[in-house]
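One structure is given here, and the rest of the page talks about it.
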């Protein structure tokens with residue numbers, strides 16, 4: 001059974017930092033893309049950052065230079081280091097893993113940034 005277990009969310013003041021983790025288990029084929037999405041109340045889910053198996057990364061303009069995505073292929077874990085957090089970063093953050101032709105989602109972790 002495939003599971004994506006997220007951790008690291010919480011409440012932080014503006015300017016603070018958080019580190020999200022997402023550990024995948026039960027996936028027997030090679031993981032290609034690992035991503036972080038977020039969804040704020042009343043808004044659509046948006047892509048925050050992505051990384052490929054070769055280590056290429058991409059970020060949305062709103063988080064570029066503040067967030068860093070990384071992955072540990074041996075542990076099948078993806079991380080999101082979030083620095084200089086702003087109130088507009090408040091959202092539920094979801095990890096996404098693509099392996100072969102299948103896509104898996106984490107359960108989401110709440111990040112709340114107070115002003």
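Numbering (the working numbering), first residue to last: 1 to 115. Beta carbons are placed, not taken as given, at the ideal position from N, Cα and C, and that holds for glycine. No experiment lies behind these values; they were computed from the predicted model shown.
Proximal residues to residue i (C-beta, below 7 Å), its chain only, five neighbours per side dropped
| i | result |
| --- | --- |
| residue 8 | 18, 19, 20, 21, 109 |
| residue 52 | 32, 33 |
Same chain, Cβ closer than 8 Å to residue i, neighbours up to 5 away in sequence not counted
| i | result |
| --- | --- |
| residue 10 | 18, 110, 111, 112 |
| residue 193 | Beyond the ends of the chain as shown, which are 1 and 115, falls residue 193; an answer cannot be given. |
| residue 77 | 21, 22, 23, 24, 71 |
Coil, strand or helix - residue i by DSSP
| i | result |
| --- | --- |
| residue 89 | helix |
| residue 10 | strand |
| residue 80 | strand |
| residue 69 | strand |
| residue 29 | coil |
| residue 63 | coil |
| residue 52 | coil |
Backbone CA spacing between residue i and residue j [nearest angstrom]
| i | j | result |
| --- | --- | --- |
| residue 114 | residue 41 | 15 Å |
| residue 55 | residue 34 | 10 Å |
Rounded distance between the beta-carbons of residue j and residue i, thought under 8 Å
| i | j | result |
| --- | --- | --- |
| residue 71 | residue 79 | 7 Å |
Own chain partners of residue i with C-beta closer than 6 Å, once the 5 adjacent residues on each side are dropped
| i | result |
| --- | --- |
| residue 81 | 19, 68 |
| residue 27 | 2, 99 |
Residue i at chain C interface by Cβ criterion, 8 Å
| i | result |
| --- | --- |
| residue 35 | The displayed structure is made up of one protein chain only, and chain C is not part of it. |
Candidates the options: closest to residue i by CA position
| i | options | result |
| --- | --- | --- |
| residue 30 | 105, 99, 13, 106 | 99 |
| residue 88 | 15, 102, 77 | 15 |
| residue 62 | 74, 75, 84, 73 | 84 |
| residue 95 | 86, 28, 74, 50 | 50 |
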